[in-house]
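Residue numbers (this note's numbering), protein chains in the order written: chain Y, 291 to 401; chain E, 260 to 370.
Written below as structure tokens is the structure these notes are about.
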């Protein structure tokens, strides 16, 4: 089993739709979780951190389920500008820090 | 405040050659991580440097080596280049296990 797995995608949704991305991780010791966004041929950029209580930033909501080792990202009222690849990232805060990226899920928002 | 800067932005090398990529971290960051991203895939962790030492390493051969300098900047060296080393190489800086910020990457083409 891969350390971080994501929905294979791609997701093609109309403007205004709600879309959810799922991510599972294998290391139960993982402590920090993030969603990054990567535009075509650009570097990944932090979209939001994921906290145990869940967190919301405008149209974006992230949730963490430690028992199931599962992270989700919900995008409401999709915009054309949301088209990108969304990367699930997990840090394992042991004595040394290791960052693991999921393979990413591609989203295309269609007019 | 300058973000993470990488040089060069593009590079073409011949199979068997050696290459050095450079990264300057975001101001205040002490940890530098390197990633390889092949087309259509998520970034793969190569290694991480903190206090001038390699702290973590991904599944990459010894041909991949690095260095961190006292000013926290870092280099990635790849020896005996293979065609399969062609990829986008991303540098990310962070303060310990906190959110990572990426440079724009170096696109390496091996011919």
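Ideal Cβ placement from N, Cα and C applies to all residues, glycine included.
All of these numbers come straight from a predicted model, not from anything done at the bench.
Asked: Check each candidate in 333(E), 284(E), 341(E) and name the one with the smallest Cα separation from residue 319(E).; Found: 341(E)
Asked: Against chain Y, does residue 292(E) count as a neighbour if the rule is that its beta carbon must be under 9 Å from one of theirs?; Found: yes
Asked: When the Cα atoms are used, what is the spatial distance from residue 271(E) to residue 369(E)?; Found: 6 Å
Asked: Around the C-beta of residue 308(E), are 16 or more other C-beta atoms found within 10 angstroms, so that it is buried, or is it exposed?; Found: buried
Asked: Measuring only the C-alpha atoms, how far is residue 276(E) from residue 347(E)?; Found: 17 Å
Asked: Less than 9 Å between the beta carbons of residue 332(E) and residue 278(E), yes or no?; Found: no
Asked: Just the Cα atoms here: how many angstroms apart are residue 286(E) and residue 261(E)?; Found: 7 Å
Asked: Considering only C-alpha positions, which residue in the set 334(E), 364(E), 268(E), 299(E) is nearest to residue 313(E)?; Found: 334(E)
Asked: Using a C-beta cutoff of 9 Å, does residue 392(Y) count as contacting chain E?; Found: yes
Asked: Any beta-carbon of chain E closer than 9 Å to the one on residue 331(Y)?; Found: yes
Asked: Answer yes or no: does any C-beta atom of chain Y fall closer than 9 Å to that of residue 360(E)?; Found: yes
Asked: With a cut-off of 9 Å, does the C-beta of residue 398(Y) fall near any C-beta of chain E?; Found: no
Asked: Less than 9 Å between CB atoms is the rule here; does residue 373(Y) satisfy it with respect to chain E?; Found: no
Asked: Along chain Y, in chain order, which residues have C-beta atoms closer than 8 Å to that of residue 300(E)?; Found: 393, 394
Asked: Here's the rule: buried if 16 or more other CB atoms are within 10 angstroms of the residue's CB, otherwise exposed. What is residue 370(Y)?; Found: exposed
Asked: At a cut-off of 8 Å, is residue 337(Y) close to the ligand ATP when judged by its beta-carbon and the heavy atoms of the ligand?; Found: Absence of the ligand ATP from the depicted structure is noted, as is the absence of any ligand whatsoever, leaving it without description.
Asked: When DSSP builds the beta bridges, which residues end up paired with residue 332(Y)?; Found: DSSP lists no partner for residue 332(Y).
Asked: Please report the distance separating the alpha-carbon of residue 294(E) from that of residue 362(Y).; Found: 24 Å
Asked: Which residues, in order along the stretch 340-355 of chain E, keep a beta-carbon less than 7 Å from a beta-carbon of chain B?; Found: Within the model displayed, chain B is absent; protein chains Y and E are what it includes.
Asked: Once the 5 residues before and after residue 302(E) are set aside, which same chain residues still bring their CB inside 6 Å of it?; Found: 294, 296, 349
Asked: May I have the straight-line CA-CA distance separating residue 263(E) from residue 288(E), to the nearest angstrom?; Found: 10 Å
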